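Asks: In the working numbering, the protein residues as written are 2 to 197.
(1) For residue 103, which beta-bridge partners are listed by DSSP?
(2) Spatial neighbours of residue 32 within its chain, please: CB distance less than 8 Å, with the 5 preceding and 5 following residues excluded, ordered by chain position.
(3) Check whether the Cβ atoms of residue 52 and residue 121 lie closer than 8 Å to each other.
(4) Which of the three DSSP states is assigned to residue 75 in this structure?
(5) Taking all protein chains shown into account, decide if residue 209 is buried (16 or more other Cβ within 10 angstroms of its Cβ) or exposed.
(6) By DSSP, does residue 53 sit in helix, in strand, or in coil?
(7) So, is residue 70 buried or exposed, given that buried needs 16 or more other C-beta atoms within 10 angstroms?
(8) With residue 26 and residue 155 assumed to form a contact (beta carbons below 8 Å), what rounded beta-carbon distance in angstroms separates them?
(9) Quick one: residues in its chain with C-beta nearer than 7 Å to the C-beta of residue 4, no 5 flanking neighbours on either side, listed in chain order?
(10) Which of the three DSSP states is assigned to residue 22 in this structure?
(11) Taking residue 127 as the reference, give the member of 142, 14, 115 and 114 with the closest Cα.
(12) Can you tell me which residues form a DSSP beta bridge with residue 40?
(13) Around the C-beta of residue 173, are 16 or more other C-beta atoms found within 10 angstroms, so that it is buried, or is it exposed?
(14) Where do the N-terminal and C-terminal ends of the alpha helix (DSSP H) with residue 112 fall, by residue?
(15) Could you please give me the residues that DSSP links to residue 45 through a beta bridge?
(16) Determine the contact status of residue 63 and residue 7, defining contact as a CB-CB distance below 8 Å.
(17) Can you tell me which residues form a DSSP beta bridge with residue 10?
(18) Can you grab the Cα-Cα spacing for the pair residue 15 / residue 130, in whole Å?
(19) Only counting the same chain, and skipping five residues up and downstream in sequence, which positions put a Cβ closer than 8 Å to that of residue 161?
This is the structure in structure tokens:
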């Protein structure tokens, strides 16, 4: 059953750091003008008790993701793309959490973007190997906030949302940084991939 169509806000981006126990989320409003700026709308985590059955945890996460999308009406949802790990069960669990985020966004007509952790770190913190703490610091700086007590899952989700505003193809500052990085290193960095 398809929900009634939402009037999506083209300036709102929701980032989702998926999981089956803890899901980070962060929503920003992009301000387009002479320079791209963002305002924090909401950030936090959805926590499901690990002791509960998987189906119950997924139901709780789905209910909360649906409520966030209906409340915030993001035109774009950025979901962390899975990386291949050594533990197949972990990869399966992460896939289940990602599936909820992708389906919720698509169900409401949001544009869905998938981005790897390295792509997000490069766009937000300047290097694809940045630590979670460095990413949290970059998020705080870009949003002009103190995020000292924020869970890293929430700051990772905000980084995903911010990465959509700082793509080189739409952000003149990021484009200049990419050109400078290519001239210093002599290599062309990989462009973010978007799937719909």
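Think of the CB as a built atom: it goes at the ideal place given N, C-alpha and C, for glycine as much as any other residue.
Remember, predicted model here, so these are calculated numbers, not experimental data.
Replies: Looking at the atomic coordinates:
(1) The residue you call residue 103 lines up with position 102 of the chain shown. Per DSSP, none; premise fails for residue 103.
(2) As a first step, residue 32 must be located in the chain shown, where it is residue number 31. Cβ within range, chain order: 12, 38, 39 and 40.
(3) Within the chain shown, numbered from 1, the residue matching residue 52 stands at position 51. Within the chain shown, numbered from 1, the residue matching residue 121 stands at position 120. Result no, Cβ atoms of residue 52 and residue 121 do not sit closer than 8 Å.
(4) Counted from its first residue, the chain shown places residue 75 at position 74. Residue 75 falls in the strand class under three-state DSSP.
(5) In the structure as shown, the chain starts at 2 and stops at 197, and residue 209 therefore has no counterpart that could be examined.
(6) By 1-based counting over the chain shown, the position of residue 53 is 52. It is coil, neither helix nor strand.
(7) On the chain shown, residue 70 is found 69 positions in, with the first residue counted as 1. Buried is the call here.
(8) In the chain shown, residue 26 corresponds to position 25, counting from 1. In the chain shown, residue 155 corresponds to position 154, counting from 1. Right, the Cβ-Cβ distance comes to about 7 Å (below 8 Å), so this counts as a contact.
(9) Here the question's residue 4 lines up with position 3 in the chain shown. Closer than 7 Å at the Cβ level, and outside the excluded window around residue 4, lie 108 and 109.
(10) If you number the chain shown from 1, residue 22 lands on position 21. If DSSP states are grouped into helix, strand and coil, residue 22 belongs with coil.
(11) Stepping through the chain shown from its first residue, residue 127 is reached at position 126. When each option's Cα is compared against that of residue 127, the closest is 142.
(12) Counting from 1 along the chain shown, the entry for residue 40 is found at position 39. BP columns for residue 40 point to 30.
(13) Counting from one through the chain shown, the residue named residue 173 turns up at place 172. A caution first: residue 173 carries a pLDDT of 48, below 50, which makes its placement in the model unreliable, though a value can still be read off. Exposed, by the Cβ-count rule.
(14) On the chain shown, position 111 is the one that residue 112 refers to. Unbroken run through residue 112 is the beta strand (DSSP E), 112-116; no alpha helix (DSSP H).
(15) Numbered from its first residue, the chain shown carries residue 45 at position 44. In the DSSP output, where bridge partners are listed per residue, residue 45 has 26.
(16) Along the chain shown, one-based indexing puts residue 63 at 62. Along the chain shown, one-based indexing puts residue 7 at 6. In this structure, residue 7 does not lie closer than 8 Å to residue 63 by Cβ.
(17) In the chain shown, counting from the first residue as 1, residue 10 sits at position 9. Answer is 75, bridged to residue 10.
(18) Along the chain shown, read from residue 1 onward, the residue named residue 15 stands at position 14. Along the chain shown, read from residue 1 onward, the residue named residue 130 stands at position 129. Taking the straight line joining both Cα atoms gives about 23 Å.
(19) Residue mapping note: residue 161 aligns to position 160 of the chain shown, counting from 1. Contacts found: 16, 17, 18, 27, 79, 80, 81, 116 and 121.
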